[in-house]
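These notes are about the structure you will find just below.
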Amino acid sequence: MTMVASTGASAQENNNRDENNKVVRGPYETNRLFDNVWIGVAGGINVFENSFSDIGGVNPALDINIGKWVTPSVGLRIGYQGLSASSWASQQYPYFKKMGDDGRYRNAFNHAYIHGDVLWNISNAFSGYKETRTWNFVPFVSAGLARSFKNGTANNEFAIGAGLLNNIRVSNRVDLTLEVRQLVVRQGYDSSLEGGVAGMTSATFGVSVKLGKTGFKRSHTAEYERNINDLKALNASLASEKEDVENDKDELAAENAALKDAVKELQAKPAVVEKVMLDVTPGAVFFEIGQAELSPQELFHLDFYLQNVIAQDEDKVFTLTGYADKQTGSRKRNQQLSQMRVEYVYNLLQTKYNVPAERLVIKAAGSEVDRWGNPLLNRCVVIE
C-alpha cells in the first residue's frame, strides 16, 4: 500500500489558503530524488471473478510497495500484490482443489501481481496541499505482470487495474492505509480454458512509513517575478550606460590620437624641447585620459627634466601638483585621479632618481583648476 507523504521533516505546509481565503494549489518547489518517499505494507482479502456472475471465494491478500510523491498531487509507486485466489469451474482444471456440494470444481492458486501505479491525490488537487490533513483520497491506475501458479503449473498475464487509496494520518511519518483495487486479467488466469475477461477485487488495510525528507515547500513565484523584473530593468540601464560609454570611447580615442600626434611633434624637435626644459620652470609631464601612469614618451621627458633641472639644484624644494581635466569624469573621480598621478611621479622621483622626500611637496588639485586651458594639457603633473 502507499501513503501520501504530506508531512515535512521540518516546517509543515498547513496553510492551503491565501489572504483572500482562496485555495492555493501551488506552485511548489521541485523535490530531490529521495524526498517524499514511503514504504507500505498491508493485508486484506482477494476475490477472483471469472465473470460477473461467477465469483470465487475470499482469500488472503498481501500488499508491499514503495513510492514517491513527485508533486503534492501526483505520485508513483511500484509494488507486489498477492497472496492467493480461488474460483469455480464446471470441469476440472490444473488448479483444481476440491469438488463443491453443487458439483462444481473449486480452483485454488497462488497469485502475484508486480505492478507500477500512477496516483492522483484529489484532496490536494482540489482543496490545496495541507501537510496535516487527516484523510487524503488518492485514486490510481495500475499496470503490470500477474502470475498464477500451483503444483508446477503457472500462468503469466498482463494485467491492468484501478483503485482508490485512503491515507489516514497518524503522525508526521506514519499513516494508515485503506485501499480497494480492481484488477483485470484474461479469463484463463485460474487455469481454465475460458477466453474472456476476468477480474480480481482486493481490499487491504495497512500502514505506510515515510522516509527521508517529507513535505513540499511552496514556491514564492511573485517574489521571483519581482526579482526578475528588477534584473531586467537593471540590464536595460546597463545597456544604456554601455552605449554612452561606447560613444565616449570614440571621443576619447580621437583626443588620445591628437595627444600622440603632439608628442610625436615634440619628439621630432629634441633640441627645442631640451632648451625649454633647461630654461623654463615649472616643468610638466602629461598623462593620457583616465591614466595614472606615464607613457614611454613622457617618462623620457621626465628623465630629461630631472637630469638637467632638479639635479643642478640640490637644495631646492620642489612642489608636485597633480591635475585632471574637468571635461571628462566626475569631480570625485578627477580628484582621485590627480592624487594618483602626483603620487606616481612622487614615487618615481624617490625610487628611480633618489630625490629625498624632504625636497618634495605633493598636491592634488583635481579638475577645479584649469591650469592650461586645454583638456589635453590639464591631464598632468606640474613640477615647480
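Residue numbers (UniProt numbering): 1 to 384. In this text, a Cβ means the ideal position worked out from N, Cα and C, and glycines have one as well. None of these values were measured; they are calculated from a predicted model.
Between the stretch 222-232 and the stretch 42-61, the count of C-beta pairs closer than 8 Å stays below three; the two stretches do not touch. Note on the UniProt domain "OmpA-like" (274-384): whole beta strand (DSSP E) runs with a minimum of 3 residues are 283-286, 318-322, 360-364 and 380-383, in chain order. With 16 or more other Cβ atoms inside 10 Å of its own Cβ, Arg77 counts as buried.
Asn166 sits in a strand when the DSSP states are folded into three classes. Taking all protein chains in view, the Cβ of Ser171 is surrounded by fewer than 16 other Cβ atoms within 10 Å, so the residue is classified as exposed. Between the C-alpha atoms of Thr319 and Cys380 there is a straight-line separation of about 13 Å. Distances from the CA of Val47 to each of Val180, Ser142 and Ser208 were compared; the closest alpha carbon is that of Val180. Residue state for Asn36 is assigned as coil, using DSSP reduced to three classes.
Rounded to the nearest whole angstrom, the C-alpha separation of Ser208 and Gly163 is 17 Å. Judged by DSSP in its simplified three-state form, Phe216 adopts coil rather than helix or strand.
A residue is called buried when at least 16 other Cβ atoms come within 10 angstroms of its Cβ; Arg226 does not meet this threshold and is exposed. Just so you know, the alpha carbons of Tyr353 and Leu377 end up roughly 25 Å apart. Taking the CA atoms as reference points, Val369 sits about 8 Å from Tyr323.
Across the set Ala253, Asp248, Trp88 and Arg32, the C-alpha of Arg32 shows the shortest separation from the C-alpha of Val70. Following the DSSP letters along the chain, one finds Asn124 in no beta strand (DSSP E) but inside the alpha helix (DSSP H) bounded by residues Ile122 to Ser127. Taking the Cα positions, Gln336 is about 10 Å away from Ser330. Closest option to Met200, judged by alpha-carbon separation, among Gly44, Val309 and Ala154: Gly44. Counting the other CB atoms within 10 Å of its CB gives Asn167 a total of 16 or more, which places it among the buried residues. Annotation for Tyr80: the continuous beta strand (DSSP E) segment containing it runs Val74 to Ala89. Rounded to whole angstroms, Glu49 and Thr134 show a C-alpha spacing of 34 Å. In this structure, Leu302 lies near Val285, with their beta-carbon atoms less than 8 Å apart. Taking a 10 Å sphere around the C-beta of Pro296, we find fewer than 16 other C-beta atoms and assign the residue as exposed.
Beta bridge pairing from DSSP links Tyr113 with Gln81 and Ala146. Inter-residue distance for Gln182 and Val141 is about 10 Å (C-alpha atoms, whole angstroms). Here Thr321 is not near Ile289, since their CB atoms are 8 Å or more apart. Nearest Cα to Val184 within the set Lys150, Gly144, Gly212 and Leu193: Gly144. For Leu211, the enclosing beta strand (DSSP E) begins and ends at Val197 to Leu211. For Val74 against Trp120, the beta-carbon gap comes to about 6 Å, under 8 Å, which counts as contact.
The residue among Gln307, Ser367 and Phe300 with its C-alpha nearest the C-alpha of Arg333 is Ser367. Selection Asp117, Lys130, Gln91 and Arg147 evaluated against Phe109 yields Arg147 as nearest (Cα-Cα). Going by beta carbons, Leu178 and Phe205 fall inside the 8 Å limit. Take Ala258, set aside five residues on each side of it, and the residues of its chain with a beta-carbon closer than 8 Å to its own are Leu376, in chain order. The DSSP-derived three-state label of Ala268 is coil. Classified as exposed, Ala253 has fewer than 16 neighbouring CB atoms from the shown chains inside 10 Å of its CB. The Cβ-Cβ distance between Asn155 and Ser202 does not fall below 8 Å. The C-beta separation of Ile362 from Tyr346 comes to about 5 Å, placing the pair in contact by the 8 Å criterion.
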